[in-house]
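Novice: Using the working numbering, the first residue of the sequence shown is number 1, and each one after it goes up by one.
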Amino acid sequence: MNNSSQLDDIRPIAGEPANDSPIKPIPPLDGSINVEQDESNDKIPKKRIMLAIQTISIIIALILSAYSFTIIDSLDDATSKSGNDATEVLVRTEGREADHICTEGGADIFIGNDSNRNGILEEDEVTSTTRLCHGKEGLSGPQGATGPNGIPGFDSLVNTTVIDYGNESCMYGGLLISVGLDLNDNDTLDAEEITSSEFVCNGMIGANGINGADGTNGHSALVERIAPPQHLCSNGFVINFGVDNGNGDGVADDEIMHDDEIVESLKICSEPLNFGPISDFFVGVSDGYSSQCSEFAWSTTHSMVITSGSDSASGCELWTSHGTSDTTQQLIDINPGNAD
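#1: Pull up the distance between the alpha-carbon of Phe114 and that of Ala145, whole angstroms please.
#2: Does the region 229-245 come within contact of the region 263-271, defined as at least 3 CB pairs closer than 8 Å?
#3: From Glu104 to Gly141, what does the alpha carbon distance come to, in whole angstroms?
#4: Quick one: which unbroken beta strand (DSSP E) runs of 3-plus residues sit fully inside the region 154-187? Chain order, please.
#5: On a CA-only basis, which of Arg225, Glu193, Trp298 and Asp182 is nearest Pro152? Give me that one, please.
#6: Grouping DSSP H, G and I as helix and E and B as strand, with all else coil, what is Met204?
#7: Over what stretch of residues does the beta strand (DSSP E) that includes Arg225 continue unbroken?
#8: Per the DSSP calculation, Gln330 is bridged to which residue(s)?
#9: If you count every other CB in all the chains shown that lies within 10 Å of the CB of Val305, and 16 or more means buried, which is it?
#10: Three or more beta-carbon pairs under 8 Å between the region 191-211 and the region 220-231, yes or no?
#11: Which one of Thr93, Arg48 and Gly250 has the shortest CA to CA distance from Ile120?
#12: So, Phe237 versus Pro228, is the Cβ gap smaller than 8 Å?
#13: Measuring only the C-alpha atoms, how far is Val263 from Glu224?
#14: Sorted by chain position, which residues of the same chain lie with C-beta nearer than 6 Å to Ile226's C-beta, five sequence neighbours on each side aside?
#15: So what does Ser308 bridge to, in DSSP terms?
#16: Since Ile111 sits in a beta bridge, which residues does DSSP pair it with?
#17: Can you grab the Cα-Cα spacing for the pair Ile256 / Asn245, in whole Å?
#18: When you compare only the Cα positions, how much space is there between Asp185 and His134?
#19: DSSP on Arg48, reduced to helix/strand/coil?
#20: Go ahead and pull the three-state DSSP assignment for Thr195.
#21: Select from Ser265, Thr320 and Ser314 the residue whose C-alpha is nearest the C-alpha of Trp419.
#22: Residue range of the beta strand (DSSP E) that Ile262 falls in?
#23: So the candidates are Ala313, Thr324, Gln330 and Asn247; which of them puts its Cα closest to the Cα of Thr307?
#24: Would DSSP call Ser345 helix, strand or coil?
#25: CA-CA distance, Val35 and Ser68?
#26: Does the separation of the CB atoms of Leu175 and Ile194 fall below 8 Å?
#27: How is the beta strand (DSSP E) around Ser299 delimited, first residue to last?
#28: Would you grab the beta carbon distance between Tyr172 and Gly147 for me? Rounded to a whole angstrom, and I think it's under 8 Å.
#29: Buried or exposed for Ser310, going by 16 or more other Cβ atoms inside 10 Å?
#30: Between the Cα of Ser303 and those of Thr188, Thr328 and Ala61, spot the shortest distance and give me the residue it belongs to.
#31: Taking only runs of the beta strand (DSSP E) that begin and end inside the region 223-256, which ones reach a length of at least 3 residues, in chain order?
#32: Roughly how many angstroms lie between the CA atoms of Leu90 and Ile49, to the nearest whole one?
#33: How would you label Gly95, buried or exposed, when you count the other beta carbons within 10 angstroms and need 16 or more for buried?
#34: Taking 7 Å as the limit between beta carbons, can you name the residues of its chain near Glu97, skipping five residues before and five after?
#35: Figure out for me which residue from Thr160, Cys316 and Thr188 has the closest Cα to the Cα of Phe154.
Structure (structure tokens):
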């Protein structure tokens with residue numbers, strides 16, 4: 001018996017008429033199904049689904065195209081501004097101090113159209129404002145380890161050298177400034193220690209200017225020697241230097257040294273200056289001055305002391321003195337009697 005799953009050859013059965021019709025497929029004797037045929041049958045529904053999806057997508061695209069064309073066609077035609085009428089967009093940034101909005105400060109960015117075409121974004125032209133705030137400062141990191149000690153440094157030295165007239169670097173003379181480090185610690189900038197040099201040259205001498213107008217005539221200088229006040233110096237002299245220009249109450253060009261014309265004075269005394277009381281208003285142990293009678297003044301014009309004092313006979317009156325006892329006298333008894 002042949003165990004082959006398929007017939008080796010299909011032949012006509014005896015007694016049946018033979019024809020040339022196609023041979024029908026005969027399933028295998030072992031009952032197995034042709035796998036390739038099943039896979040082909042499974043692909044047919046999938047192709048149909050994909051074809052349906054593509055068809056639906058095309059229909060939707062056509063519908064959307066028609067809708068968009070309808071919307072665009074329904075919009076009114078608007079006339080845009082020409083380039084000459086358009087306004088420029090400006091941006092302005094400003095720093096921002098710390099406040100309740102930006103606690104760490106920041107910046108404001110303003111955007112708007114330059115309506116008045118002055119190139120400046122003014123407040124009424126701002127259409128958009130953006131605030132940028134700084135972030136908060138982070139915590140300090142841990143302290144790093146101490147680095148190694150550096151080597152001792154060298155002193156910096158500066159040397160200046162005068163450049164003579166006619167030098168090729170400075171035709172009209174000048175200075176050569178050299179800078180460097182004192183590597184050998186001799187407090188001198190040696191040639192091999194110079195690190196940089198710069199020339200500072202004099203400018204060319206300019207042409208002489210035109211003569212100016214004649215000035216006004218000056219005044220004569222005066223020198224005079226006078227004796228010092230006897231109450232200050234008994235042996236000496238005073239040399240006054242001045243100009244006979246009529247300053248103050250002086251008279252110009254009169255060859256006389258007036259007090260207001262004195263510019264400087266040289267005072268020389270050949271012995272110690274005088275000191276001590278110049279008079280005794282109240283003879284005895286009593287005092288000629290009191291809290292009610294103690295006015296004192298010096299008259300530069302008359303080289304005289306003017307003071308109030310009491311001699312017990314006429315009360316508090318006006319006294320004058322040139323600094324010595326024999327020149328001290330009562331100027332006037334303003335209120336006769338000793339009760340004043």
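Just so it is clear, CB atoms sit at the ideal spot from N, CA and C, and this is done for glycine as well. Quantities reported herein were computed from a predicted structural model and do not represent experimental measurements.
Specialist: In short:
#1: Before going further, note that residue 114 is Asp rather than Phe in the sequence given. About 57 Å.
#2: Counting C-beta pairs closer than 8 Å gives three or more between the region 229-245 and the region 263-271, which meets the contact rule.
#3: Using only the alpha carbons, I get a separation of about 20 Å.
#4: Runs of the beta strand (DSSP E) inside the region 154-187: 156-165 and 172-181.
#5: If we check each option's Cα against that of Pro152, Asp182 comes out closest.
#6: If DSSP states are grouped into helix, strand and coil, Met204 belongs with coil.
#7: Taken as a continuous stretch (DSSP letters only), the beta strand (DSSP E) holding Arg225 covers Ala221 to Ile226.
#8: Bridge partners of Gln330: Trp319.
#9: The residue is buried, with at least 16 neighbouring Cβ atoms inside 10 Å.
#10: Cβ pair count under 8 Å is below three, so no.
#11: Measuring from the Cα of Ile120, the nearest candidate turns out to be Thr93.
#12: The answer is yes: Cβ separation under 8 Å.
#13: Distance between the alpha carbons of Val263 and Glu224 is about 12 Å.
#14: Excluding sequence positions up to five before and after Ile226, its CB lies within less than 6 Å of the CB of Val238, all in the same chain and listed in chain order.
#15: Paired residues: Leu318.
#16: Residue pairing by DSSP places Ile111 opposite Val91 and Ser128 in a beta bridge.
#17: Approximately 10 Å, taken between the alpha carbons.
#18: Straight-line measurement puts the Cα of His134 at about 51 Å from the Cα of Asp185.
#19: DSSP places Arg48 within a helical segment (H, G or I) once states are collapsed to three.
#20: Three-state DSSP puts Thr195 in a strand.
#21: For residue 419 there is no data in the structure shown, the boundaries of the chain being 1 and 340.
#22: From DSSP, the beta strand (DSSP E) with Ile262 extends over Ile262 to Cys269.
#23: Looking from the CA of Thr307, the closest CA among Ala313, Thr324, Gln330 and Asn247 belongs to Gln330.
#24: As shown, the chain starts at 1 and ends at 340. That puts residue 345 outside it, with no answer to give.
#25: No answer about Val35 holds up, because its pLDDT of 47 lies below 50 and its placement is not dependable.
#26: Annotated as distal: Leu175 and Ile194, with beta-carbon spacing of 8 Å or more.
#27: Taken as a continuous stretch (DSSP letters only), the beta strand (DSSP E) holding Ser299 covers Phe296 to Ser299.
#28: Between Gly147 and Tyr172 the Cβ distance is about 51 Å, and since that is not below 8 Å, they are no contact.
#29: Buried, by the Cβ-count rule.
#30: Nearest of Thr188, Thr328 and Ala61 to Ser303, Cα basis: Thr328.
#31: Here the runs fully enclosed are 236-243.
#32: A straight line joining the alpha-carbon of Leu90 with that of Ile49 spans about 58 Å.
#33: Per the 10 Å Cβ criterion, exposed.
#34: Spatial neighbours of Glu97 in its own chain (CB-CB distance under 7 Å, excluding positions within 5 residues in sequence) are listed in chain order as Gly105.
#35: When only C-alpha atoms are compared, the closest one is Thr188.
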